[in-house]
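See below for the structure under consideration.
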Amino acid sequence: VQSVFLFFGPGILFFFSKKWWASLGHWKHWGIGDDWTTMQVYARTIVVEGEWLVGGENVFVMQPLYRYFIGVYHWLFGQSAFVQSMADVWCILGTTIILAAFATKFRLSALTAFAASLIYLMPTFLGGFRYQIGRGLIEHHAMIFMVLAGWLLYGAREGNFLRIVGAGICGVIGYWLRQDHLIVIAMLVFFIIEPTHGTTGEVWKAYWRQIWTHWRRGFSYVGIIVFGVFLLCFRNWWVGGVFGPT
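Just so we're aligned, residue 9 is where the sequence shown starts under the numbering used here, counting upward by one.
This is how it looks when you write it as structure tokens:
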């Protein structure tokens, strides 16, 4: 895992730092009428005008959480877009590292771990996807929290209940960042109950045994996710009078 970081990390960080270095100390013109501009406006409403609960919308129409990330970035580092853009790069690099760590957890070869990183990085840096990096959208932040939830859930197989809580929190953050990830985030619960012993022919019986043994962990994780959905609906009702998600 450290080798994957050392192989990809310095080059990726140097390239994007050099690309956006000129934006330090400058205010960025985001354009008119686009999602990234709207998020900047909401972030300013939160931090400058103090509307932490409203966040620019009585009932969330835009994805709810990313505006708060943007607001904190500007609150800590000023009006420059450099930190917000580099945060996308760190999310990409972090996801790459976690995928390599997954491969080692699955006892796959070092070459396979390297390949897993490439399978994620190639479509991210090639083609149209590369234009989303640093553009002020939610994709990469939502991705890393979803992957973190899966990683913590897989580690919870070893009996650490705090990892279930951590996975649930990461899952809720990932859901609040991008709500169409909800089904995938919920299905990550199968990382807890996946059988690790036995032949392929015994896999379904093994699944039932794992469900029977670890159902409390699974329900705890799913319960945290459901509570996150409820909190969003409750907030929309409390502020805007509509009980429902975005």
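Think of the CB as a built atom: it goes at the ideal place given N, C-alpha and C, for glycine as much as any other residue.
Handout entry: Assigned secondary structure, Glu65 (DSSP; H/G/I helix, E/B strand, else coil)
Key = coil
Exercise for the section: Using three-state DSSP, classify Thr132 as helix, strand or coil. Expected result: helix
Handout entry: Nearest neighbour of Gln140, chosen from Asn168, Trp44, Lys113 and Glu59 [CA to CA]
Key = Taking only the C-alpha atoms, the option nearest Gln140 is Trp44.
Problem - CA nearest to the CA of Ile219, picked from Ala175, Phe199, Phe153 and Ala157 - result: Phe199
Exercise for the section: Count the CB pairs spanning the segment 69-87 and the segment 174-193 that are closer than 8 Å, and state whether there are at least three. Expected result: yes
Practice task
Classify Val56 as helix, strand or coil using the three-state DSSP reduction.
Solution key: In this structure, Val56 counts as coil in the three-state DSSP scheme.
Practice task
Could you tell me whether the Cβ atoms of Tyr162 and Val197 are closer together than 8 Å?
Solution key: No, the Cβ-Cβ distance between Tyr162 and Val197 is not below 8 Å.
Practice task
Assign Thr46 to one of three DSSP states: helix, strand, or coil.
Solution key: helix
Practice task
Mark Trp223 as exposed unless 16 or more other C-beta atoms lie within 10 angstroms of its C-beta, in which case mark it buried.
Solution key: exposed
Problem - Beta-carbon contacts of Phe153 that lie in its chain and below 6 Å, excluding the five residues immediately before and after - result: Cys178, Ile181 and Gly182
Practice task
Taking Asp188 as part of the alpha helix (DSSP H), name the residues at either end of that continuous run.
Solution key: Neither: Asp188 is in no alpha helix (DSSP H) and is coded neither H nor E.
Problem - the segment 87-100 touching the segment 141-150, judged by at least three CB pairs closer than 8 Å - result: yes
Handout entry: Own chain partners of Val155 with C-beta closer than 6 Å, once the 5 adjacent residues on each side are dropped
Key = Thr103 and Ile106
Handout entry: Extent of the continuous alpha helix (DSSP H) run through Lys4
Key = This structure leaves residue 4 out entirely; the chain is present only between 9 and 254.
Handout entry: Alpha-carbon spacing of Phe8 relative to Gly248, whole angstroms
Key = The structure shown does not extend to residue 8, since the chain spans only 9 to 254, so no value can be given for it.
Handout entry: Cβ-based neighbour list, Val55, same chain, cut-off 6 Å, excluding 5 preceding and 5 following
Key = Counting only Cβ-Cβ distances below 6 Å, and skipping sequence neighbours, we find Gly79 and Trp83.
Exercise for the section: Tell whether a beta-carbon distance below 8 Å holds between Gln92 and Tyr81. Expected result: Cβ atoms of Gln92 and Tyr81: closer than 8 Å.
Practice task
Would you mind stating whether Gln48 and Trp60 have Cβ atoms separated by less than 8 Å?
Solution key: No, they are not a contact pair.
Problem - Ranges of the alpha helix (DSSP H) found wholly within the segment 85-140, counting only runs of at least 4 - result: 90-113 and 118-133
Exercise for the section: Report, in whole angstroms, the separation of the C-beta atoms of Leu101 and Ile172, which I expect to be a contact under 8 Å. Expected result: Not quite, the Cβ-Cβ distance comes to about 26 Å (not below 8 Å), so this is no contact.
Practice task
Could you pull out every residue in the same chain whose Cβ sits closer than 7 Å to the Cβ of Gly122, ignoring the five residues on either side in sequence?
Solution key: For clarity, residue 122 is Phe in the given sequence; the question names Gly instead. Only Val12 meet the Cβ criterion.
Exercise for the section: Tell me whether the beta-carbon of Cys241 lies closer than 8 Å to the beta-carbon of Phe227. Expected result: no
Practice task
Quick one: residues in its chain with C-beta nearer than 7 Å to the C-beta of Gly33, no 5 flanking neighbours on either side, listed in chain order?
Solution key: Excluding sequence neighbours, Gly33 sits near Ser88.
Exercise for the section: With DSSP collapsed to three states, give me the class of Leu156. Expected result: Reduced to three states, the DSSP call for Leu156 is helix.
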